[in-house]
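Accompanying notes for the structure given below.
Protein chains: 2
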Amino acid sequence: MKQQVHFLTLATADLDAARAFYRDGLGWEPLVDVPGEIVFFQVAPGMVLGLFDAEKFDRDLGRPPGTAGVSGLTLAHNVDGPEEVEWTVRAMAAAGAKVLTPPRPGEFGGVFHAHVEDPNGVVWEIAHNPGWHVDGTGRVVLG
Amino acid sequence: MKQQVHFLTLATADLDAARAFYRDGLGWEPLVDVPGEIVFFQVAPGMVLGLFDAEKFDRDLGRPPGTAGVSGLTLAHNVDGPEEVEWTVRAMAAAGAKVLTPPRPGEFGGVFHAHVEDPNGVVWEIAHNPGWHVDGTGRVVLG
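So the sequence lines, in the order shown, correspond to chains A and B. To convert, note that position 43 of the first sequence is 43 in my numbering; the numbers rise steadily by one, no gaps. Numbering-wise, my numbering comes out as the position in the second sequence, counting from 1, plus 1000.
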C-alpha cells in the first residue's frame, strides 16, 4: 500500500455552515459541490478534503445516526511568519470560526501558533514553524 | 487563507499498534517517530499525517481524557484497478486491520471499493474510481 492519502472525508453536521465558512468566508474554491450531500476542496497536490453530511456519513458506514464525531483530529495550516498567523486567524474569525487559543509562541522550536474551531467543530492549528519546510519536490522536512 | 492542509493529526489510543500497522505491516516510512508521543508519515506532497498519543492530544487541547474520537472521518486511498483493491485490503488485513466491507462494486460510477479499519478505529476506503485522476500538476480531476 502506497504511503498516500487521496481523500480525507469529515462528517459535517451543518454543510451550509461549512460552505459559508470555507467558500464564502475564506474564498476556497470547491472541486465539486453537491448541496445537502458533500463539498470537496482540494487541499494538497493529489489530495482532497470532503465535507460530507453527517447523517449520510453514518448511514454509509452502517452506524446509528449521531455516531460520527471529529473530536480526535486537528488540521494544521502553516504560514510564513507570525504576522500571517495573526491575520489568518482574524480572517477565520471574521468568517465565523471560534478562536480557541489566540496566536502566541508555542512551547518550543520557535513555533508561533493559534487554534481555531470551524463551525462544525473541526480544530485548525494555524502555525508558523521555522523548523518545517517543504522542498521543491513536495517532500516535507522537519526539525 | 490558502486552500492547503499541511498536517492531519489523529488522536491515537495505541501508538505502538499504529506503528506496527503502518510501519512494520504496510512498510510506510516515518518522517519522524517519537515513541510514546507521535509518529509522522508524509501522505501527500507537502502533507503529513500525524498519529498522536490520544491522552496528549486531549491534554494539548485542554479537554478531559477520553474526549478524542475519530468516528467522524474516513481516509481514502485510491488504486489503479479492482485487483489492486483486493490485494491492498489483503495486505492491510494481514497487517492487523479489520475489514468492514469486503471489496465490491460501489453504487455508481464504476467504483470498486472496500472499507477497512486500522487498529485505532480509523476507517480507510480503498477504492478504484475510474472517474478520478490526478493530472501532471497534482490537480485532482473528478467526474
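Note that CB positions come from ideal geometry on N, CA and C, so glycine has one too.
message: Whole angstroms are fine: how far does the CA of A:P35 sit from the CA of A:D80?
response: Their backbone Cα atoms lie some 34 Å apart in a straight line.
- prompt: Over what stretch of residues does the alpha helix (DSSP H) that includes B:L1015 continue unbroken?
  reply: Where B:L1015 is concerned, the enclosing alpha helix (DSSP H) stretches over L1015 to R1019.
- request: Determine the contact status of B:H1077 and A:H6, defining contact as a CB-CB distance below 8 Å.
  value: A Cβ-Cβ contact shorter than 8 Å links B:H1077 with A:H6.
query: B:A1068 and B:F1057 look like a contact to me (Cβ under 8 Å); what is the Cβ gap, rounded to whole Å?
result: The pair is a contact, with the Cβ atoms about 5 Å apart (cut-off 8 Å).
field: According to DSSP, residues forming a beta bridge with B:P1030
entry: Assignment of beta-bridge partners to B:P1030 by DSSP yields B:F1041.
- prompt: Any idea what DSSP makes of B:M1047, helix, strand or coil?
  reply: It is a strand residue.
message: I'd like to know whether the C-beta of A:A44 is nearer than 8 Å to at least one C-beta of chain B.
response: Yes, contact with chain B.
Chain B residues whose Cβ lies nearer than 7 Å to that of A:L51: Per Cβ cutoff of 7 Å: no residues; A:L51 is ~11 Å from chain B at best.
- prompt: Just how far apart, CA to CA, sit B:G1109 and B:H1115?
  reply: So the two alpha carbons sit approximately 17 Å from each other.
task: Locate the beta strand (DSSP E) running through A:F112, then write down its first and last residues.
output: For A:F112, the enclosing beta strand (DSSP E) begins and ends at F112 to E117.
- request: Please decide whether A:F112 counts as near chain B, where near means a Cβ-Cβ distance under 8 Å.
  value: So no, A:F112 is outside the interface.
task: Would you kindly report the start and end of the unbroken alpha helix (DSSP H) that includes A:T67?
output: Run containing A:T67: none; DSSP gives neither H nor E here.
- request: May I ask which residues mark the beginning and end of the alpha helix (DSSP H) holding B:K1056?
  value: That run of the alpha helix (DSSP H) goes A1054 to D1060.
field: chain B contact residues for A:H128, given Cβ-Cβ distances below 9 Å
entry: None at all; the shortest Cβ gap to chain B is about 12 Å.
Partner residues on chain B for A:F108, Cβ-Cβ distance less than 7 Å: Annotation: A:F108 has no Cβ neighbours in chain B at a cutoff of 7 Å; minimum Cβ distance is about 13 Å.
query: Is the shortest distance between the beta-carbon of A:F57 and the beta-carbons of chain B less than 8 Å?
result: Taking Cβ atoms only, chain B reaches closer than 8 Å to A:F57, which makes this a yes.
A:A11 - partner residues in DSSP beta bridges: BP columns for A:A11 point to A:F52.
field: Collapsed DSSP secondary structure at B:V1079 in the structure displayed
entry: Three-state result, B:V1079: coil.
message: According to DSSP, is B:V1005 part of a helix, a strand, or is it coil?
response: Coil.
query: Considering B:E1154, what are the terminal residues of the beta strand (DSSP E) in which it resides?
result: Outside the displayed span of chain B (1001 to 1143) sits residue 1154 of chain B, for which this structure offers no information.
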